[in-house]
Amino acid sequence: MTVPRDATSAPLAPVIATLCAIEERHGGAPVHGLARGLTAVDPRDWSPAADLVSGRRIPEFLDAAKQRWNAQPHAAAALAWKCYTYWSALPALVGFAGSRRVPLPDPGAVLVRFATTQPFLTMALRRPTVAVLATDPIARSGDPDILVCRDDAELLGHLRRVLIDEHLTPLMERLRGDVHIGKRPLWGSLASSAAHALSRTADAIWPVWPPVTGAAGQGCARRAEPAPLIELIEEVLGALGVGDLVTLDTDPQTGALSIQRRTCCLAFTLPTPKVCSGCCIR
Numbered sequence: 215m216t217v218p219r220d221a222t223s224a225p226l227a228p229v230i231a232t233l234c235a236i237e238e239r240h241g242g243a244p245v246h247g248l249a250r251g252l253t254a255v256d257p258r259d260w261s262p263a264a265d266l267v268s269g270r271r272i273p274e275f276l277d278a279a280k281q282r283w284n285a286q287p288h289a290a291a292a293l294a295w296k297c298y299t300y301w302s303a304l305p306a307l308v309g310f311a312g313s314r315r316v317p318l319p320d321p322g323a324v325l326v327r328f329a330t331t332q333p334f335l336t337m338a339l340r341r342p343t344v345a346v347l348a349t350d351p352i353a354r355s356g357d358p359d360i361l362v363c364r365d366d367a368e369l370l371g372h373l374r375r376v377l378i379d380e381h382l383t384p385l386m387e388r389l390r391g392d393v394h395i396g397k398r399p400l401w402g403s404l405a406s407s408a409a410h411a412l413s414r415t416a417d418a419i420w421p422v423w424p425p426v427t428g429a430a431g432q433g434c435a436r437r438a439e440p441a442p443l444i445e446l447i448e449e450v451l452g453a454l455g456v457g458d459l460v461t462l463d464t465d466p467q468t469g470a471l472s473i474q475r476r477t478c479c480l481a482f483t484l485p486t487p488k489v490c491s492g493c494c495i496r
């Protein structure tokens, strides 16, 4: 990841800085599905997520997933969805936790590429609306792509509207029109993805950006501890409507956060079965 040169005015600069901190602490895997700097160098090489949400590219998407994992159609769809929810939500979740700047993943503002090899999915952003608090200096910039919010609840309300209502829900219905798979395990993947994304954000070095005055800076001036981190994750998952699909706890041996799914992503059905560390079938 690279922070824009004009970092004081770029709305996404704090988000990119947090992603850089995650990469520095955890390596490239947690961010390798995002374009460098969150920007597509040549948008012609990408497709808008709207083409998936509309159903136009769903057959190609599912076929690529079947080849990538050599899986049955329902398992391939579940694993493709698991990837999709993590990468499509990651910039917004990182933005909320790290700086209270939330790039809203509108299907028209998200660009995607998918392949039959690793990484299966890569995403970029194209002029997203960025939701910020009124205390953020950029709120007074007059930028038409800045959405000013009163508080965290309103920020998360806009995230739920765009991510869940306008993006993932219609995409899920398109997928379920092609393969037989329940809603609960699919939403469980979003819950798990969001919890892990927020945990990695908290575990990176905070603050990675000078905190703005007021609520936007609260909680970001030090490394998160498990208890306040659990509260943060519960707040976000509750706002997204998936709070009952993971169990959060503190590992008594290490004191680290434990994230346990209450549903399964179906990776155990692969030709070489995989059971994820937080899977409910363990």
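Residues in the sequence shown are numbered consecutively from 215, following my numbering.
All C-beta atoms in this analysis are idealised placements derived from N, C-alpha and C, irrespective of residue type, glycine included.
On a predicted model such as this, the values are computed, not experimentally measured, just so you know.
Q | Three-way DSSP call (helix, strand, coil) for Thr232 in this model | A | helix
**Q.** Every unbroken alpha helix (DSSP H) inside the segment 257-301 [4 residues or more]
**A.** 264-267 and 272-283
**Q.** Residue burial classification, Ala264 (beta-carbon count within 10 angstroms, cutoff 16)
**A.** buried
(Q) Can you list, in chain order, the residues of its chain with a C-beta nearer than 8 Å to that of Arg341? Leave out the 5 residues immediately preceding and following it. (A) Ala323 and Asp359
Q) What number of angstroms, rounded off, separates the C-alpha of Tyr300 from the C-alpha of Leu335? A) 10 Å
**Q.** Inter-stretch contact at 8 Å, needing at least 3 Cβ pairs: the segment 459-474 / the segment 392-407
**A.** yes
Q) So what does Thr477 bridge to, in DSSP terms? A) Bridge partners of Thr477: none, in fact.
Q) Using a Cβ-Cβ cut-off of 6 Å (strictly less than) and excluding sequence neighbours within five positions of Ala163, which residues of its own chain qualify? A) In the structure displayed, the chain extends from 215 to 496; residue 163 sits before or after that span and is not available.
Q: Starting from Arg250, trace the alpha helix (DSSP H) both ways and give me its first and last residue.
A: Arg250 -> not in any alpha helix (DSSP H); beta strand (DSSP E) instead, spanning Leu248 to Thr253.
Q: Output yes or no for whether 8 Å exceeds the beta carbon distance between His410 and Ser302.
A: No, they are not a contact pair.
Q: Output the distance between the C-alpha atoms of Thr349 and Cys363, rounded to the nearest integer angstrom.
A: 9 Å
Q) Are the segment 369-385 and the segment 315-322 touching, with three or more C-beta to C-beta distances below 8 Å? A) yes
Q. So what does Val346 bridge to, in DSSP terms?
A. Arg315 and Val362
Q: Rounded to whole angstroms, what's the CA-CA distance from Leu304 to Leu471? Just pull it up for me.
A: Going by the C-alpha atoms only, they are around 19 Å apart.
Q. Where does the unbroken alpha helix (DSSP H) through Ala411 begin, and where does it stop?
A. Lys397 to Asp417
**Q.** Three-state class that DSSP yields for Val422 in the structure shown
**A.** Bear in mind that the predicted position of Val422 carries a pLDDT of just 36, short of 50, making it unreliable; the figure below should be weighed with that in mind. Val422 falls in the coil class under three-state DSSP.
Q. Near Val267, which residues of its chain fall below 6 Å by C-beta distance, leaving aside the five closest residues on each side in sequence?
A. Pro321, Pro384 and Leu385
Q | Cβ distance (whole Å) where Leu248 is taken to contact Leu226 below 8 Å | A | Contact flag wrong, Cβ pair sits at about 11 Å.
Q) How about Val346 and Arg390: are their beta carbons less than 8 Å apart? A) no
Q) Assuming Leu307 contacts Ala408 under a Cβ cut-off of 8 Å, what Cβ separation, rounded to an integer in Å, is found between them? A) The pair is a contact, with the Cβ atoms about 6 Å apart (cut-off 8 Å).
Q: Could you tell me the boundaries of the alpha helix (DSSP H) in which Asp501 lies?
A: The question about residue 501 has no answer, for the chain in this structure spans 215 to 496.
Q | C-alpha distance - Leu170 paired with Gln474, whole-angstrom precision | A | Residue 170 lies beyond the stretch modelled for the chain, which goes from 215 to 496, so this question has no answer here.
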